[in-house]
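**Student:** Structure provided below as structure tokens; questions to follow.
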């Protein structure tokens, strides 16, 4: 049975038309090709891989890394003085499933929710390019199959806040593909505090007191001079 030619309408529907000389209608237009970026299958594939317009979503990452940090829950550390020891690696359950996917590791110091309240510059966003949760990179090296550990001295400019530690694994394209962290999914456990440097030092306080005393003595001296001059 011979198929009847069809015509593509602007409405996006197709209608059958009468053949002319056994051929298609002279004004019939070819069905426009579907762009690969509009393909439903490819759209779904992008969502499954957690990539939206080239941006990786945190909710799409597998928690296939373990991370252990030395601070105990609720411990208060001082910026510029104390150290944090971190151990991390790949979970045994997925060790044989990566097939060389991981190329680089980063470990970050991250704000806990309690230190993000009313602070938009620390806001958590699912799109990792816009996420402000983890702003301090404390480790950045190529991925090693063995368990790794390091010691990080808390930098002096670390602000006062409550923190946890998170690790990211990256592929050859520099995209996050897995993570692990020292806290639970809601980021409410195993949190620690860092006390930042306020900017005031003992030397500054002493200088301030000395300047105040000098100002008072000078004022009193000028008062005595004026009084003596008025008598004369």
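Numbering (the numbering used here), first residue to last: 19 to 250. Glycine is no exception: its CB is placed at the ideal position from the N, C-alpha and C atoms. Since we're looking at a predicted model, the values are computed, not measured.
(1) Out of 126, 139, 188, which has the shortest C-alpha to C-alpha gap to residue 156?
(2) According to DSSP, is residue 126 helix, strand or coil?
(3) Count the other C-beta atoms from every protein chain shown that fall within 10 angstroms of the C-beta of residue 190, then say buried if there are 16 or more, exposed otherwise.
(4) Would you be able to state if there are at least three C-beta pairs under 8 Å between the stretch 181-188 and the stretch 198-212?
(5) Compute the Euclidean distance between the alpha carbons of residue 93 and residue 210, then round it to the nearest angstrom.
(6) Do you know offhand how far residue 146's Cα is from residue 73's?
(7) Can you tell me the Cβ-Cβ gap for residue 202 and residue 91, rounded? I've got them flagged as a contact below 8 Å.
(8) Helix, strand or coil for residue 166, going by three-state DSSP, please let me know.
(9) Can you give me the C-alpha to C-alpha distance between residue 244 and residue 175, rounded to a whole angstrom?
(10) Note down the Cα distance separating residue 167 from residue 234, rounded to an integer number of angstroms.
(11) Going by Cα to Cα distance, which pick from 149, 154, 180, 99 is closest to residue 215?
(12) Have a look at residue 194 and residue 182 and give me their C-alpha separation to the nearest angstrom.
(13) Restricting to Cα atoms, I'd like to know which of 206, 87, 133 is closest to residue 153.
(14) Is the distance from the Cβ of residue 109 to the Cβ of residue 75 below 8 Å?
(15) Enumerate in chain order the residues of its own chain whose CB-to-CB distance from residue 103 is below 6 Å, with the five nearest sequence positions on each side excluded.
(16) Anyone know if the C-beta pair for residue 135 and residue 105 falls short of 8 Å?
(17) For residue 171, is the classification buried or exposed, using 16 other Cβ atoms within 10 angstroms of its Cβ as the cut-off for buried?
(18) Could you give the distance in angstroms between the alpha-carbon of residue 124 and the alpha-carbon of residue 151?
(19) Which first and last residues belong to the beta strand (DSSP E) in which residue 83 is found?
(20) Can you tell me whether residue 243 is helix, strand or coil according to DSSP?
(21) Which same chain residues, not among the five before or five after residue 173, have their C-beta less than 6 Å away from its C-beta?
**Tutor:** Checking against the coordinates, here is how it stands:
(1) For residue 156, the closest C-alpha among the options 126, 139, 188 is that of 126.
(2) Strand.
(3) Per the 10 Å Cβ criterion, exposed.
(4) A contact exists between the stretch 198-212 and the stretch 181-188.
(5) Each residue's alpha carbon lies about 5 Å from the other.
(6) Their Cα atoms are separated by approximately 7 Å.
(7) About 12 Å; that fails the 8 Å criterion.
(8) Here DSSP, grouped into helix, strand and coil, assigns residue 166 to strand.
(9) Spanning the two alpha carbons is a distance of roughly 50 Å.
(10) Taken atom to atom, the span from the alpha-carbon of residue 167 to that of residue 234 is near 57 Å.
(11) If we check each option's Cα against that of residue 215, 99 comes out closest.
(12) For residue 194 and residue 182, the distance between alpha carbons rounds to 19 Å.
(13) Residue nearest to residue 153 within the set 206, 87, 133 is 133 (criterion: CA-CA distance).
(14) No, these two residues do not count as a Cβ contact at 8 Å.
(15) Spatial neighbours of residue 103 in its own chain (CB-CB distance under 6 Å, excluding positions within 5 residues in sequence) are listed in chain order as 88, 169.
(16) Result no, Cβ atoms of residue 135 and residue 105 do not sit closer than 8 Å.
(17) The residue is exposed, with fewer than 16 neighbouring Cβ atoms inside 10 Å.
(18) Rounded to whole angstroms, the separation of the alpha carbons of residue 151 and residue 124 is 14 Å.
(19) Residue range 83-87 is occupied by the beta strand (DSSP E) that includes residue 83.
(20) DSSP places residue 243 in helix when its eight states are reduced to three.
(21) Around residue 173, the same chain offers no residue with a beta carbon nearer than 6 Å, after the five sequence neighbours per side are excluded.
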